[in-house]
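Undergrad:
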Amino acid sequence: MPLKKSNAGKRNIAVVTSCRADWGLLHGVVKELQKRSDTDVAVIATNMHLDPRFGNTAGEIEADGIEIAARVPMSDTSGNNDTTPETTARASARCLEGMSEAFSIISPDIVLLLGDRFEMLPVATAATIFRIPIAHIAGGEISEGAFDDNIRHAITKLSALHFTATDDYRRRVIQMGEMPGHVFNCGALGVENLMHLPDEAPITELEEFTGIAITPSTLLVTYHPATLDTGATPAQRCTALIQALDRFPDSTILFTYPNNDPGGTEIIDLIERYAAAHTGRCAVVPSLGRRRYLSILKHIGAVVGNSSSGIVEVPSAGIPTVDIGIRQRGRTAATSVIHCGDTANEIAHAIAFALSEEGRRKAAETENPYFKRDTASRIAEILATTPLSSLSVKRFYDMSRSEL
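For what it's worth, numbering that gives the first Met the number 0 labels the leading residue of the sequence shown as 0, then goes sequentially.
1. Could you tell me the boundaries of the beta strand (DSSP E) in which PHE162 lies?
2. Less than 8 angstroms between the C-beta atoms of PRO132 and MET98, yes or no?
3. What residue range does the alpha helix (DSSP H) around HIS135 cover?
4. Quick check on DSSP: helix, strand or coil for ILE105?
5. In chain order, what residues of the same chain lie with their CB nearer than 7 angstroms to the CB of PHE352, ignoring the 5 residues before and after it?
6. Is PHE162 buried or exposed, if buried means 16 or more other CB atoms sit within 10 Å of its CB?
7. Considering Cα atoms alone, identify which of ASP115, ASP228, PRO72 is closest to LEU95.
8. Distance, Cα to Cα, LYS3 vs GLY262?
9. If you count every other CB in all the chains shown that lies within 10 Å of the CB of PHE117, and 16 or more means buried, which is it?
10. What's the gap between the Cα of LEU160 and the Cα of PRO319?
11. If I measure Cβ to Cβ from ARG169 and keep anything under 6 angstroms in the same chain, skipping five residues before and after, which residues do I get?
12. Under three-state DSSP, which class holds PRO1?
13. Name the DSSP beta bridge partners of ALA41, please?
14. Quick check on PRO1: buried or exposed, where buried means 16 or more other Cβ atoms within 10 Å of its Cβ?
15. Counting C-beta neighbours from all protein chains within 10 Å, is the total for SER5 16 or more, i.e. buried, or is it exposed?
16. Straight-line CA distance for ILE67 to GLU199?
17. Under three-state DSSP, which class holds ALA64?
18. Can you tell me whether PRO224 is buried or exposed, with buried defined as 16 or more other CB within 10 angstroms of its CB?
19. Does the Cβ-Cβ distance between ASP260 and THR82 come in under 8 angstroms?
20. Could you compute how far the alpha carbon of ARG19 sits from the alpha carbon of ARG290?
21. Would you kindly check if the distance between the Cβ of ILE378 and the Cβ of ILE299 is under 8 angstroms?
22. Just confirm the distance between the C-beta atoms of ILE43 and ILE109, as a whole number of angstroms; I'd bet it's less than 8 angstroms.
23. Shortest alpha-carbon distance to ASN258 belongs to which of PRO197, ALA274, THR238, THR87?
24. How about GLN327 and ILE310: do their beta carbons lie closer than 8 angstroms?
25. Quick check on ILE154: does DSSP put it in helix, strand or coil?
26. Comparing C-alpha positions only, which one of ALA383, GLU271, LEU240, ILE154 sits nearest to MET119?
27. Quick one: measure Cβ to Cβ for TYR396 and GLU177, integer angstroms, because I've assumed they're closer than 8 angstroms.
28. Whole-angstrom Cβ separation of ALA41 and ILE105, contact assumed at under 8 angstroms?
29. How many angstroms separate the CA atom of SER286 from the CA atom of ASN55?
30. Determine the closest residue to ASN46 out of ILE65, ASP167, ARG89, CYS339, with distance taken between C-alpha atoms.
31. Could you say if the region 380–390 and the region 265–285 meet the contact criterion of at least three C-beta pairs nearer than 8 angstroms?
32. Quick one: what's got a C-beta closer than 8 angstroms to ILE150's C-beta in the same chain, skipping five residues either side?
33. Can you list, in chain order, the stretches of the alpha helix (DSSP H) that have 4 or more residues and sit fully within the region 276–356?
34. Quick one: residues in its chain with C-beta nearer than 7 angstroms to the C-beta of SER399, no 5 flanking neighbours on either side, listed in chain order?
35. I think ALA243 touches ALA347, with their Cβ atoms under 8 angstroms apart; what is that distance to the nearest whole Å?
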């Protein structure tokens, strides 16, 4: 594991990223921190970034001109690519071991984490044991259909500094006993990225990369396992989605890979087979990358699936989101988000509305509740200037009766 130790005399901030999605959000904060003379940043890459099955997206970090200080692989060296509860738990153990080694050498003053992924819990555990304060982005949110929900709240309780995306989420973090002075509503990083995309990919590049036509009726589909869904397997749920897509033969379909939660490999097998049977109309890419993903939102008809990005970022692109099933249940959502059940009929009905004139108009007029100005720079400022002494001991904030 190549490691780079931070420079002495600066606040050493470790930023841990595990996949294309969180790096797409975190890179703006890293760039803001790099501009400062009082901070040194060590980016630690783990999990899907280092897995060839998911596109080796650590290269995207380096393409942004950012050196990776440490790499913590989590994949099974035996070649077992299944995503089951057992393999996921074992991968978490490898993450804990690798993060312990990285923290012991880098010696960060504070660790920045985002969200609710299973691999972030061992990162937070290692930081807690090393007595490194944790700054957490995206606490207070709800996604009732996945065990991510439990993990997010657990990380909140391990963290000392909190950056939430809405005022409601900020209140929820405080309700969990976190000190109000350490909980900041800075808005959602992904919304800021979308609204300030410096180098938009032209449609010709997008079509060359995907191999399909990108039109106003194109559907971008990302479907993850809903890990708390007891009604059916991820493969059964994804099969219903595919059956619904069959009803829109005039729409080109672009699939991106699910994450590597249990059941993810089953979904990958299904979408790969479906795309192979519908060449010219369907394509599958493990990862679009931040630039292409944000660019393609400006040319397509709708986003379909159960990714948090469809709830948080996509409304600012002015297009509809079809949110399937229970995975994102409980999240604050814009009026452009169309929630539907898991059956083929329910999904098809929602897609039809998304592509209708009424659905497009509604999406174009929506306001995104996750928007706030200067999200990345505000997070960087708070990270750089909050006294570390105030974060060394966590105290439980008891709400008064009037606040309950």
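Every residue, glycine too, gets a C-beta built ideally from N, C-alpha and C.
TA: The structure says:
1. 160–163
2. no
3. Premise fails: HIS135 lies in the beta strand (DSSP E), 133–136, not in any alpha helix (DSSP H).
4. Of the three classes helix, strand and coil, the one that applies to ILE105 here is helix, per DSSP.
5. ILE337, GLY358
6. buried
7. PRO72
8. Legend: pLDDT at LYS3 = 45, less than 50; position of this residue unreliable, no value from coordinates given.
9. buried
10. When rounded, the distance between both Cα atoms is 33 angstroms.
11. THR163, VAL182, ASN184
12. Here the model assigns PRO1 a pLDDT of 43, short of 50, so the residue's position is not dependable and the matter cannot be decided.
13. ALA13
14. Because the pLDDT of PRO1 is 43, which lies under 50, any placement of that residue in the model is unreliable, and the question is left without a value.
15. Because the pLDDT at SER5 is just 45, under 50, the model does not fix this residue reliably, and the value given afterwards should be weighed accordingly. Flag for SER5 reads buried.
16. 25 angstroms
17. In the sequence as presented, Ala is not what sits at residue 64; that position holds Gly. Looking at GLY64 - three-state DSSP - the assignment turns out to be coil, as it is neither helix nor strand.
18. Buried, because 16 or more other Cβ atoms sit within 10 Å of the Cβ of PRO224.
19. For ASP260 and THR82, yes; Cβs fall inside 8 angstroms.
20. 11 angstroms
21. Contact: no.
22. No, ILE43 and ILE109 are not in contact; Cβ-Cβ is about 13 angstroms, not under 8 angstroms.
23. THR87
24. yes
25. helix
26. Distances from the alpha-carbon of MET119 to those of ALA383, GLU271, LEU240, ILE154 put ILE154 closest.
27. 6 angstroms
28. 5 angstroms
29. Roughly 9 angstroms separates the two Cα atoms.
30. Ranked by Cα distance from ASN46, the options ILE65, ASP167, ARG89, CYS339 are led by ARG89.
31. no
32. ASP115, ARG116, PHE117, MET119, LEU120
33. 289–295, 307–311, 343–354
34. none
35. 4 angstroms
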